[in-house]
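Residue numbers (the numbering used here): 3 to 293. We put the beta carbon where it would ideally sit given N, CA and C, even for glycine. None of the values given here were measured: they were computed from a predicted structure.
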Ligand code: SF4
Ligand code: MG
């Protein structure tokens, strides 16, 4: 598949995508560019952070300020950026392998700290880049390349886990619905605090149990069913129960959310940002110690 699309403006890159045909990453890429353009953000006004994984190959498929970090660490590097310069919108992209296994600690503390950033989970329920290993979100019993007789580990209930951390914004969307994804990403970026966005993503190469068609049959938009996004318990119940239908859209938003940096007493009334203060430190005296 080639670029550009007519609605992605200055974000278009000449680099060609290398994902498998039918990969949900194409949809996430399109929706991301579209959301940023519709938000009126130019590429130099936003920071895009990527983890390692198939989705991470997006880092040079669009333009702008981008940081492609280590596996499982995208939330920590994005959190640091959010603290350093609260004026820059930040989107961090990571897979279910990276962010619910080795990086899960960063997810926990970013949610409970309420850093001001958007986290987009590419949830294809497996490690795609390393050829179909079971992740903690793979359904128990599924036959994967690392578990040919079926995964024997219990599946992490990711939405219940996220809600247990008292998040201030939770949404779920589907890689096959670019219009909804775009709207969800825009709402997430506009939220003050940590926005958790679960993208149910097709991986036709390794995920045979939740295909594009399977998801398409089950997803529904809660915004079309008069859902009250301020109702935490209702949102949690909707998010967790995927037995018949899968609720998508903005599930929960706390309008009283206060990001971490705005809670820190020492920062109140300070006009500069941390990034300005770091840049103005003269390290010449320190260097004399190493002569
Ligand atoms: Fe996409 Fe899966 Fe192919 Fe990776 S392995 S590019 S996630 S379809
Ligand atoms: Mg994955």
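By the Cβ test, the segment 252-270 is in contact with the segment 101-116, since at least three Cβ pairs between them sit closer than 8 Å. For residue 98, the Cβ falls inside the 6 Å cut-off from some heavy atom of the ligand MG.
Out of 278, 63, 28 and 229, the CA that lies nearest to the CA of residue 201 is found in 28.
Taking the CA atoms as reference points, residue 164 sits about 8 Å from residue 110. At a threshold of 6 Å, residue 26 does not count as near the ligand MG, since its beta carbon sits no closer than that to any of the ligand's heavy atoms. The segment 43-55 and the segment 85-100 touch, with three or more beta-carbon pairs separated by less than 8 Å.
Inside the segment 47-90, DSSP marks whole beta strand (DSSP E) runs of 3 or more residues at positions 49-52 and 67-70, from first to last along the chain.
Considered as a whole, the segment 157-235 harbours 160-166, 180-192 and 214-220 as its complete alpha helix (DSSP H) runs of no fewer than 4 residues, in chain order. Residue 268: not part of any alpha helix (DSSP H); DSSP gives it neither H nor E.
In the three-state reduction of the DSSP assignment, residue 94 falls in the strand class. Beta-bridge annotation (DSSP): residue 255 is paired with 171. In the structure shown, the three-state DSSP call for residue 123 is strand. In the DSSP assignment, the residues bridged to residue 250 are 223.
Your pair residue 26 and residue 177 checks out as a contact, with CB atoms roughly 3 Å apart and the cut at 8 Å.
In the DSSP assignment, residue 40 falls within the unbroken alpha helix (DSSP H) covering 27-40.
Excluding the 5 residues flanking it on each side, residue 194 has same chain C-beta neighbours closer than 7 Å at 118, 259 and 261, in chain order. Between the alpha carbons of residue 179 and residue 89 lies a gap of roughly 30 Å. Setting aside the 5 residues that flank it on each side, residue 61 is surrounded in the same chain by 52, 68 and 70, each with a C-beta closer than 6 Å to its C-beta; the list follows chain order.
Boundaries of the alpha helix (DSSP H) around residue 287: 286-289. Rounded to whole angstroms, the Cβ separation of residue 140 and residue 153 is 5 Å, and the two are in contact under 8 Å.
Taken from the Cβ of residue 126, at least one heavy atom of the ligand MG lies inside 6 Å. Residue 14 has 64 as its beta-bridge partners, per DSSP.
Between residue 134 and residue 146 a beta carbon distance of about 5 Å is seen, short of the 8 Å cut, so the two are scored as contacting. Around the beta-carbon of residue 187, 16 or more other beta-carbon atoms lie within 10 Å, marking it buried.
Taken through DSSP and simplified to helix, strand or coil, residue 149 comes out as strand.
In the three-state DSSP reduction, residue 129 falls in the strand class (E or B). Taking residue 279 as reference, the option from 189, 86, 57 and 143 with the minimal CA-CA separation is 86.
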